[in-house]
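Enquirer:
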Amino acid sequence: MNLRRIFAIAFKETLQVWRDPRSLAIALLMPLMQMALLGYGVSLDIKRVPLCIHDEENSQTSRELVQRFVASHWFAVAHTLGADRAVSDAMDRARCVGAVTIPVDFSRHLAMTGAASVQTIFDATDANSTNIAIGYAQGVIGQTTADFQADWAAARGLPTQKAGKVDLQTRVWFNEGLDSRNFIIPGVVAVILGLVGAQLTSLTISREWERGTMEQLVSTPVTALELMLGKLAPYFLIGLVDAAFCLSVTAFWFHVPFRGSLGTLMFTTALFTLVVLGIGYLVSVRVRSQLGASQIAVTLTLVPISLLSGYTFPIDQMPAPIRAVTLIVHARYYITILRSIFLKGSTLGELAVPILALALYAAIIMWLAASGFRKRLD
Amino acid sequence: MFDRLHAMLIKELLELRRDRWAMFRLLVPMFIQVLVFGYAATFTVNSVDTAVLDLDHSQASRTLVSHFVATGRFHIIDRAATQREITQDLDAGRATVAIVIHAGFGQYLNSGRTAPLQVSVDGTNSNTALIALGYVNQIVAQFQSEETAAVWPARIMSASPSIAAALQERPWFNAGLEDRWFFIPGVIGTLTLIQVVSLTALAIVREREVGTLEQIMVSPIKPIEFILGKAVPFFLIGLGEVLLITVFGVLWFHIPFVGSPLVMLLGSSLFLMAALGLGLLLSTLARTQQQAFALNFFLVNPLFILSGFAFPIAAMPRVLQWFTLINPLRYFLVVIRAEFLKGVGVGALWTDLSALALLATGMLGISVLRFRKSLD
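Protein chains in written order, with our numbering: chain A, 146 to 523; chain B, 613 to 988.
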């Protein structure tokens, strides 16, 4: 290995990047735009679910129940409807996501038997949102019921609580406000770095093939390893700038709480950048056409990073074979690391497993990439 | 005109056929993505890793814990002996939920007093935490009503009949609340968008980069014929993908398709035209394939996130909601999901379909104009 040759390749590659300002601008501006857009776009917080209410009874009690739905900030009561047909029509046209029907004998039933039912219909196309909305609706009904019960007992001069009661105290750790952004934005950083990184390096070698400069490269004394290190160096810098930028936006703009140490963050980020660039380079070594290289790079990065990394969908809920596949998704480890550093303030020692996994990953990818490059023209 | 278009089409198809890997690169990622989405894309919360600290050791506390286990929603990984162990479980991420039952829980409950029960949830994944908390609430409410009914059946009946307004929820269109039914139809839109836009953009830029575009331009072919010649094969590929994924989703994942194939075809055609327009537009903005590739990422990722595919549009800030209005994927997803699950007709979808038509003509129009200019 010759440092001078590595430097020469790095210098050539830097010049090439520098003299293609459009690509450089894309590489530096893309993460900026994406962070801004995605940071705001990736919220799973379900608030103000559009709700239609069909109050058949229109009594004092039923109106109070309606009022409870209106007053809770979980629902936006969009329409009050007159008939069953109108309900199904409103759902078909997606004007409301849920419809509450208070039956005509609601308060009479409640007074006579002590139990009455309210029917809600949800457009469950989006199963997750529906699940959460049902939880909210149960909360509203539960609270209203408790108040009705207290009123009823007070009217008869009875003490409200006779039976033993479980006082459920729930505490949420690490992400106290249950803000989905605190959970997803660190994932967004990993997705953007993973995509940008692979995109930066996946065309470097195939471009030499397509443009015919490979012959010149092969005739120089440079070795495969030197070529790789030299080619990766400028992109590593760009990747680190992108990473620094994305992480700053996460902490200072979106105010995701940062509880860990900066050193751990920098070390792990550099490691992940290396893995990502290495994957792009490996594709580039293997596939000679730029079109093919780009398609393979997208396939290898976009889907695994956005689906199998735990970025939105929790890995522990996946079936076992898919869980096994996620073990080879590099972003999985980085996302775990990022979330732990940001939200839990984990230290290097606590993160040993994912860090070692990333390091092993980097070593294997680099070895494959370096040995995959042959100085031959056929 | 048709002769020249015919020749152009033959050239494109030949190019596609002689690239041995082209079909492989199209089909393999597609099947992988559909499979991954079908199996991995789930927000369901089942067997959450749970640590229990039971300091009471009473019958009531054991019953409560067995209630948690019986639902299948919680999986007990650690029966801790001290508060410290519980804290460590949460810190290390071994457990997502920790239940602490203090000493005296059963006794308090039996003597009619308030018995505290502490539940801590790791909120790192806010969605899982929120749903798990909902289950905790339901289980505790269930436990409480059974407990009170068992301990004081007589007193309950005579003194304080509980007034309860029960919520009967009926999820329409997706009664089992299956995430798969939501995501697989969505994959049709996102996949065709990603592939059609990148194929169109890269194919044209390659001709320019390799220098064959000039050869085509000196031939008598007109720009519009060139564009059509490029667009028709990709349009057909896109339609083929829509069809394949639909069939795969219905046969393999048993997603119901209750709507009309014709409405689906109409929506798909309009959407593919918009996607082709986008690809063409990208090709006019990029000089090299690398740039086209980067721009493609730059464009497709936001289109994907801001479409309602996974993240509800209603949860986005107002400004981003406006952005989604010019995203063809947004409307296409509404159409596909409605056709798969709701089976509504053109009447209920006319706003989405006309928005798609508008975007398709707009995007194709602008990009054709720009493309003709870039040829001069």
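Even glycine gets a Cβ: it sits at the ideal position worked out from N, Cα and C.
1. Is there at least one Cβ from chain A nearer than 7 Å to B:T694's Cβ?
2. Taking buried to mean at least 16 other C-beta atoms within 10 Å of its own C-beta, is A:Q306 buried or exposed?
3. DSSP three-state label for B:V657, please.
4. According to DSSP, is A:S262 helix, strand or coil?
5. Cβ of B:I689 within 7 Å of Cβ of B:V664?
6. With DSSP run on the structure shown, which of helix, strand or coil describes A:S485?
7. Considering only the beta carbon of each residue, do A:P499 and A:Y478 sit closer than 7 Å?
8. Show which residues of chain A have a CB atom less than 7 Å away from the CB atom of B:L702.
9. Could you run through the stretch 147-176 of chain A and flag, in chain order, every residue whose CB is less than 8 Å away from some CB of chain B?
10. Does DSSP put A:G322 in a helix, a strand or coil?
11. Would DSSP call A:L493 helix, strand or coil?
12. Going by DSSP, what residue range makes up the beta strand (DSSP E) through A:V245?
13. Name the chain A residues that come within less than 9 Å of B:I743, Cβ to Cβ?
14. Since B:H687 sits in a beta bridge, which residues does DSSP pair it with?
15. Under 7 Å Cβ-Cβ, which residues of chain B neighbour A:R238?
16. Under 7 Å, Cβ to Cβ, is there at least one residue of chain A near B:M975?
17. What first and last residue would you give for the alpha helix (DSSP H) that runs through A:I473?
18. How far does the alpha helix (DSSP H) with B:Q645 in it extend, from its first residue to its last?
19. Who are the neighbours of A:P248 on chain B, taking C-beta pairs under 7 Å?
20. Got a sec, what are the start and stop residues for the beta strand (DSSP E) A:H218 sits in?
21. Thinking C-alpha only, which one of B:V681, B:F680 and B:L892 is nearest B:P835?
22. Taking B:E790 as the query, report the chain A residues whose CB atoms sit under 7 Å from its CB, ordered along the chain.
23. Could you tell me the distance, in whole angstroms, from the CA atom of A:V222 to the CA atom of A:V245?
24. Note down, in chain order, each residue of its chain lying with its Cβ closer than 8 Å to the Cβ of A:Y456, except the 5 sequence neighbours on either side.
25. Between B:A771 and the rest of its own chain, which residues show a CB-CB distance below 7 Å, the 5 nearest in sequence each way excluded?
26. Taking the alpha carbon of A:P466 as the reference point, which residue from B:F755, B:G650 and B:L851 has its own alpha carbon closest?
27. Should B:F755 be labelled buried (16 or more other beta-carbon atoms within 10 Å of its own) or exposed?
28. So, using beta-carbon positions, are A:T270 and B:F794 closer together than 7 Å?
29. Considering only their Cβ atoms, is the gap separating A:V211 from A:D200 smaller than 7 Å?
30. Starting from A:G425, find everything on chain B with Cβ-Cβ shorter than 7 Å and list it in chain order.
31. Round the Cβ separation of A:L447 and A:L340 to the nearest angstrom and send it over; I've been treating them as touching at under 8 Å.
32. Looking at the structure shown, is A:I151 part of a helix, part of a strand, or coil, going by DSSP?
33. Check whether chain B comes within 7 Å of A:V421, counting only Cβ atoms and requiring the distance to be less than that.
34. Using a Cβ-Cβ cut-off of 7 Å, state whether A:Q314 counts as contacting chain B.
35. Does the beta-carbon distance from A:G517 to A:R433 come in below 7 Å?
36. What do you get for A:W512, buried or exposed, if any count of 16 or more other CB atoms within 10 angstroms of its CB means buried?
Expert: In short, the structure shows the following:
1. As a first step, residue 694 of chain B is located in the second sequence; it is residue number 82 there, counting from the start. Output row for B:T694: interface = no.
2. Counting from 1 along the first sequence, the entry for residue 306 of chain A is found at position 161. Unreliable placement is indicated for A:Q306, whose pLDDT of 49 sits below 50; the coordinate value is still reported in the next sentence. It is exposed - the Cβ of A:Q306 has fewer than 16 other Cβ atoms within 10 Å.
3. As a working mapping, residue 657 of chain B is identified with position 45 in the second sequence. Looking at B:V657 - three-state DSSP - the assignment turns out to be coil, as it is neither helix nor strand.
4. Translated into positions along the first sequence, residue 262 of chain A becomes position 117. Residue state, collapsed to three classes: strand.
5. The sequence position of residue 689 of chain B within the second sequence is 77, counting from 1. The sequence position of residue 664 of chain B within the second sequence is 52, counting from 1. Not in contact: B:I689 and B:V664 (Cβ atoms no closer than 7 Å).
6. Counted from its first residue, the first sequence places residue 485 of chain A at position 340. A:S485 falls in the helix class under three-state DSSP.
7. Start at 1 with the first residue of the first sequence, and residue 499 of chain A comes out as number 354. Start at 1 with the first residue of the first sequence, and residue 478 of chain A comes out as number 333. Result yes, Cβ atoms of A:P499 and A:Y478 sit closer than 7 Å.
8. Translated into positions along the second sequence, residue 702 of chain B becomes position 90. Correct list: W318.
9. D165, R167, S168, I171, A172 and M175
10. Counting from 1 along the first sequence, the entry for residue 322 of chain A is found at position 177. Coil.
11. Position 348 of the first sequence, counted from the start, is the residue given in the question as residue 493 of chain A. In this structure, A:L493 counts as coil in the three-state DSSP scheme.
12. Counting from one through the first sequence, the residue named residue 245 of chain A turns up at place 100. That run of the beta strand (DSSP E) goes G243 to I247.
13. As a first step, residue 743 of chain B must be located in the second sequence, where it is residue number 131. Those within 9 Å of B:I743 in chain A are N273, N276, I277 and G280.
14. On the second sequence, residue 687 of chain B is found 75 positions in, with the first residue counted as 1. Bridge partners of B:H687: B:D661.
15. As a working note, residue 238 of chain A is residue 93 in the first sequence. Result: A960.
16. By 1-based counting over the second sequence, the position of residue 975 of chain B is 363. Not one chain A Cβ lies under 7 Å of B:M975.
17. By 1-based counting over the first sequence, the position of residue 473 of chain A is 328. Careful: A:I473 lies outside any alpha helix (DSSP H) and carries neither H nor E.
18. As a first step, residue 645 of chain B is located in the second sequence; it is residue number 33 there, counting from the start. Note, B:Q645: alpha helix (DSSP H), A634 to A652.
19. Residue mapping note: residue 248 of chain A aligns to position 103 of the first sequence, counting from 1. The premise fails here: A:P248 is roughly 10 Å from chain B at the closest Cβ pair, so nothing lies under 7 Å.
20. Residue 218 of chain A sits at position 73 when you count from the first residue of the first sequence. No beta strand (DSSP E) holds A:H218; DSSP gives it neither H nor E.
21. Looking up residue 835 of chain B in the second sequence gives position 223. Out of B:V681, B:F680 and B:L892, B:L892 has the C-alpha closest to the C-alpha of B:P835.
22. Mapped onto the second sequence, residue 790 of chain B falls at position 178. Those are A272, listed as they occur along chain A.
23. Against the first sequence, residue 222 of chain A aligns to sequence position 77. Against the first sequence, residue 245 of chain A aligns to sequence position 100. Their backbone Cα atoms lie some 10 Å apart in a straight line.
24. Reading the first sequence from its first residue, position 311 is the one you call residue 456 of chain A. Cβ neighbours of A:Y456 beyond the five flanking positions: I329, G332, V333, A335, V336, I450, A476 and I480.
25. Taking the first residue of the second sequence as 1, we reach residue 771 of chain B at position 159. Only weak support exists for where B:A771 lies, its pLDDT of 41 falling under 50; the value from the coordinates is given anyway. Taken in chain order, the list of residues that qualify is empty.
26. As a position in the first sequence, residue 466 of chain A is number 321, starting the count at 1. It is B:G650.
27. Your numbering for residue 755 of chain B matches position 143 in the second sequence. Buried.
28. Locating residue 270 of chain A in the first sequence gives position 125, where the first residue counts as 1. Locating residue 794 of chain B in the second sequence gives position 182, where the first residue counts as 1. Cβ atoms of A:T270 and B:F794: closer than 7 Å.
29. Position 55 of the first sequence, counting from 1, holds the residue named residue 200 of chain A. Position 66 of the first sequence, counting from 1, holds the residue named residue 211 of chain A. Yes, the Cβ-Cβ distance between A:D200 and A:V211 is below 7 Å.
30. Position 280 of the first sequence, counting from 1, holds the residue named residue 425 of chain A. None at all; the shortest Cβ gap to chain B is about 11 Å.
31. Numbered from 1 along the first sequence, position 302 holds the residue referred to as residue 447 of chain A. Numbered from 1 along the first sequence, position 195 holds the residue referred to as residue 340 of chain A. About 7 Å; that satisfies the 8 Å criterion.
32. Reading the first sequence from its first residue, position 6 is the one you call residue 151 of chain A. In the structure shown, A:I151 sits in a helix (DSSP, three-state: H, G or I).
33. Position 276 of the first sequence, counting from 1, holds the residue named residue 421 of chain A. A:V421 does not count as touching chain B.
34. Against the first sequence, residue 314 of chain A aligns to sequence position 169. Yes, its Cβ sits closer than 7 Å to a Cβ of chain B.
35. As a first step, residue 517 of chain A is located in the first sequence; it is residue number 372 there, counting from the start. As a first step, residue 433 of chain A is located in the first sequence; it is residue number 288 there, counting from the start. Going by C-beta atoms, A:G517 is not nearer than 7 Å to A:R433.
36. Taking the first sequence and counting its residues from 1, one reaches residue 512 of chain A at position 367. Exposed, by the Cβ-count rule.
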